[in-house]
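**Student:** The structure follows.
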Amino acid sequence: MKKIITLLLIIASFSVAQAQKQTDDGWRKWEATKCYANIEYRMKYVGKNGEQHHWQVQFKNNYNSIVSFNYHVTDKLQEYNITTHRKTLYAQKLSEAIDVYTTEEDIYLFVDKASLSPYPENFLDCDH
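Letter by letter, the sequence shown follows residues -19 to -1, 1 to 109 of mature numbering (1 follows the signal peptide of the UniProt record, and there is no 0).
Spelled out as structure tokens, the structure:
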């Protein structure tokens, strides 16, 4: 019985260490985008590169189908009305890390024009 308890404690310790390792790698927690609950993102501050701040952004698709959406990352809040990139993700998948460079340390992420197809058509309404 003591061997089983010891083994369970070792497994629990390993699980906690693995969980800490995954959260201690610099990534912030996953957050839903402001408009679409099933499109999440997380950010990671990599550091300063010369005069610019280097960030990484990653997206997660929680829909049970393909989704595509426009996104824009900026350090200027007033420039949010132009989404300049489109991303397509298969169901329940993560995007690769996207490198972003800004002049200011604070950044803002905007997502719009989501569609349950790889094409920019039949856009979804905001769900929250």
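Quick reminder that beta carbons are idealized off the backbone N, C-alpha and C, glycines included. Note that this is a predicted model, so its numbers are computed, not measured.
Alpha carbon to alpha carbon, how far is Lys10 from Val92? Give it in angstroms, no decimals.
**Tutor:** C-alpha separation (whole angstroms): 18 Å.
**Student:** Return the residue from the list Ala95, Asn103, Asp106 that minimises the CA-CA distance to Phe40.
**Tutor:** Ranking the options by Cα distance to Phe40, first place goes to Ala95.
**Student:** Nearest to Pro99 by CA position, among Ser49, Asn45, Tyr22, Gly7, is which residue?
**Tutor:** For Pro99, the nearest C-alpha among the options comes from Ser49.
**Student:** Measuring alpha carbon to alpha carbon, tell me which residue in Val54, His34, Asn45, His109 is nearest Tyr22.
**Tutor:** Considering only alpha carbons, the answer is Val54.
**Student:** Taking only runs that begin and end inside the segment 28 to 93, name each unbroken alpha helix (DSSP H) of 4 or more residues, in chain order.
**Tutor:** The qualifying runs do not exist here; there are none.
**Student:** By how many angstroms is the C-alpha of His109 removed from the C-alpha of Thr64?
**Tutor:** Each residue's alpha carbon lies about 19 Å from the other.
**Student:** Classify Thr84 as buried or exposed, calling it buried when 16 or more other Cβ atoms lie within 10 Å of its own Cβ.
**Tutor:** Classification of Thr84: exposed, given that the 10 Å Cβ count is below 16.
**Student:** Quick check on this structure: which residue in Asn51, Ile88, Asp106, Asp6 has the alpha carbon closest to the alpha carbon of Lys68?
**Tutor:** Here the closest residue by C-alpha is Asn51.
**Student:** Check each candidate in Gly7, Asn30, Asp56 and name the one with the smallest Cα separation from Leu90.
**Tutor:** The option with the nearest alpha carbon to Leu90 is Asp56.
**Student:** Quick check on this structure: which residue in Lys15, Glu77, Tyr17, Trp8 has the alpha carbon closest to the alpha carbon of Lys25?
**Tutor:** Cα-wise, what sits closest to Lys25 is Trp8.
**Student:** Pick helix, strand or coil for Glu102, following the three-state DSSP scheme.
**Tutor:** Note: Glu102 maps to coil in three-state DSSP.
**Student:** Is the beta carbon of His34 less than 8 Å from the beta carbon of Tyr71?
**Tutor:** No; because the gap between Cβ atoms is not below 8 Å, this pair is not in contact.
**Student:** Is DSSP giving Lys25 helix, strand or coil here?
**Tutor:** In this structure, Lys25 counts as strand in the three-state DSSP scheme.
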